[in-house]
Amino acid sequence: MQLRTAGALIGIVATLGLSVQVAAETSAEDAKKYRLSIMTSLKGHISAASMTVRGLVDNNGQLVGHAAGLVSSAAELNSIFQEGSAVDDSEALPAIWEQPDKFAAAVKKNQDATVAFQKAVAGGDSDAIGAAFRNMGKSCGGCHDDFRLEDDD
Ligand code: HEC
Numbered sequence: 010m011q012l013r014t015a016g017a018l019i020g021i022v023a024t025l026g027l028s029v030q031v032a033a034e035t036s037a038e039d040a041k042k043y044r045l046s047i048m049t050s051l052k053g054h055i056s057a058a059s060m061t062v063r064g065l066v067d068n069n070g071q072l073v074g075h076a077a078g079l080v081s082s083a084a085e086l087n088s089i090f091q092e093g094s095a096v097d098d099s100e101a102l103p104a105i106w107e108q109p110d111k112f113a114a115a116v117k118k119n120q121d122a123t124v125a126f127q128k129a130v131a132g133g134d135s136d137a138i139g140a141a142f143r144n145m146g147k148s149c150g151g152c153h154d155d156f157r158l159e160d161d162d
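What follows is the structure, encoded as structure tokens:
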């Protein structure tokens, strides 16, 4: 039993070692795919949070988890726009890499807004939660307006 556990652990360590190697040379396709996964995660959390904030579903404390998901996915925005990864049907505009300061500001705005939303959720005041939610949504749309080809969702 103990031996088997040790074997499983070694397996996990080996897998981690491998994934670090792979990450060092992420292909443009995988970088894009990963970016879309993060965006999809942001969308899932913000949609679920929106329905909760609007009272369309019972609030059983799930806002805390959605806020945490938004904060952690937004925290990855700095690293998911690998140069050259606007491949296939990517909607990432060249402006992302041509105007890095402006893009970094749009990233920071969203990160700050997700953290503010998380704080408002922790505070529990529904007006503050609603205001922070709207501000966060604007910061998604603001970046999409300037740096995304189509904004259809
Ligand atoms: C700093 C810029 C930026 C911020 C902030 C941002 N996005 Fe995006 N988002 C993009 C870009 C650029 C794309 C297009 C990526 C591509 O196609 O390669 C995108 C794509 C998407 C997509 C489409 C994914 C797909 O499968 O095609 C969704 C959904 C999305 N974003 C949701 C969100 C939500 C929700 C937020 C806020 C919580 C957000 N985004 C914040 C830049 C941003």
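Counting from 10, one number per residue, gives the positions in the sequence shown under this note's numbering. A virtual CB, placed ideally from N, CA and C, is assigned to each residue, including glycine.
For residue i, I'd like the list of residues in its chain whose CB is within less than 8 Å of its CB, leaving aside the five on either flank, ordered along the chain.
i      : result
GLU85  : ILE47
ALA104 : LYS111, PHE112, ASP155, PHE156
SER50  : GLY78, SER82
Note down the Cα distance separating residue i from residue j, rounded to an integer number of angstroms.
i      : j      : result
LEU79  : ILE55  : 7 Å
ALA115 : TRP106 : 13 Å
LYS147 : ALA76  : 16 Å
ALA58  : LYS41  : 26 Å
GLN108 : GLU92  : 12 Å
GLN71  : PHE90  : 30 Å
GLY64  : GLU38  : 39 Å
ARG163 : VAL66  : Because the chain here runs from 10 to 162, residue 163 falls outside it and cannot be looked at.
VAL130 : VAL96  : 37 Å
GLU34  : SER94  : 12 Å
What do you reckon, is the C-beta of residue i under 8 Å from a heavy atom of ligand 1?
i      : result
ASP110 : no
ILE105 : yes
MET60  : no
GLU100 : yes
SER36  : no
ARG143 : no
ILE138 : no
SER148 : yes
LEU72  : no
LYS128 : no
VAL80  : no
ALA95  : yes
ASN68  : no
ALA125 : no
HIS153 : yes
ALA77  : no
Whose CA, out of the options, lies closest to the CA of residue i?
i      : options                      : result
ALA101 : ALA40, PHE156, LYS42, THR35  : PHE156
ASP134 : SER99, VAL62, THR123         : VAL62
GLY53  : SER88, VAL124, ASN68, GLY74  : GLY74
ASP98  : CYS152, SER36, LEU158, GLU34 : LEU158
TYR43  : SER88, ALA141, ASP136, MET60 : SER88
Take residue i and list the residues in its own chain whose beta-carbon comes closer than 7 Å to its own, dropping the five residues that flank it on each side.
i     : result
MET10 : For MET10, the predicted model reports a pLDDT of 46, less than 50, meaning its position is unreliable and no value from the coordinates is stated.
Short of 6 Å in beta carbon distance, which residues of its chain neighbour residue i, apart from the five on each side in sequence? Order them along the chain.
i      : result
GLN120 : ALA83
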